[in-house]
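Student: Take a look at this one; I'll ask things after.
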Amino acid sequence: MSHEAAVLFANESFYAAFLARDIAAMTALWSAHEAICCIHPGWNAIEGHDAVMKSWASILRSPDAPRIHCRAPRAYVYGDTAFVVCYEVIEGGVLVATNGFVREPGGWRMVHHQAGPANDLPQEPPAPPAKVH
């Protein structure tokens with residue numbers, strides 16, 4: 001599997017854990033070794049593993065948590081770091097998200113998530129990212 005495919009798989013796993021409201025799967029996706037940060041829409045930045053995981057537990061346990069579907073993900077890989085830009089379709093709108101990853105011995109793990117309002121989904125798929133070697 002290419003690095004881009006592996007990063008996209010990790011990104012897909014993030015959204016699957018969110019849809020399933022699976023706190024254990026969500027926790028397993030995030031790096032336990034690197035500094036992590038998360039910015040939920042409308043929230044201040046949350047830093048540190050315990051605080052980030054507490055925020056996700058609160059969201060995933062909430063019956064009012066939105067159903068999010070990831071669309072048009074694009075992976076950008078730079079050695080042992082990567083990020084994905086994608087669109088989150090929720091009831092009543094679209095968010096654009098950036099998800100950051102690091103490569104660890106067990107695979108790609110999240111270190112950052114940020115989502116905010118977008119005007120709409122892109123009309124055409126963006127051009128493929130440039131290959132970085």
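Letter by letter, the sequence shown follows residues 1 to 133 in this note's numbering.
Note that CB positions come from ideal geometry on N, CA and C, so glycine has one too.
Fair warning: this is a prediction, and the values are worked out from it, not measured in the lab.
(1) Straight-line CA distance for SER58 to MET1?
(2) Mind checking LEU139: buried by the 16 CB within 10 Å criterion, or exposed?
(3) Which residue wins for smallest C-alpha separation from TYR87, given the options LYS54, TYR15, HIS3 and VAL52?
(4) Going by the beta-carbon positions, is the gap between GLU34 and VAL111 smaller than 8 Å?
(5) Assuming VAL84 and ALA75 are in contact, meaning their beta carbons sit under 8 Å apart, how far apart are those beta carbons, in whole angstroms?
(6) Give the DSSP bridge partners of ARG109, in chain order.
(7) Put HIS69 into one of helix, strand or coil per three-state DSSP.
(8) Is DSSP giving LEU121 helix, strand or coil here?
(9) Quickly, what does DSSP pair ALA82 with across the bridge? List them, please.
(10) If you draw a straight line from the alpha carbon of SER13 to that of ASN44, how long is it in whole angstroms?
(11) Go ahead and label ASN99 buried or exposed: buried means 16 or more other beta carbons lie within 10 angstroms of its beta carbon, across all protein chains shown.
(12) Expressed to the nearest angstrom, what Euclidean distance is found between the alpha-carbon atoms of GLU104 and ASN119?
(13) Label ARG61 either buried or exposed according to how many other C-beta atoms from any shown protein chain fall within 10 Å of its C-beta, with 16 as the threshold for buried.
Tutor: In terms of the structure at hand:
(1) 34 Å
(2) Beyond the ends of the chain as shown, which are 1 and 133, falls residue 139; an answer cannot be given.
(3) TYR15
(4) yes
(5) 5 Å
(6) VAL102
(7) strand
(8) coil
(9) VAL77 and PHE101
(10) 25 Å
(11) buried
(12) 35 Å
(13) exposed
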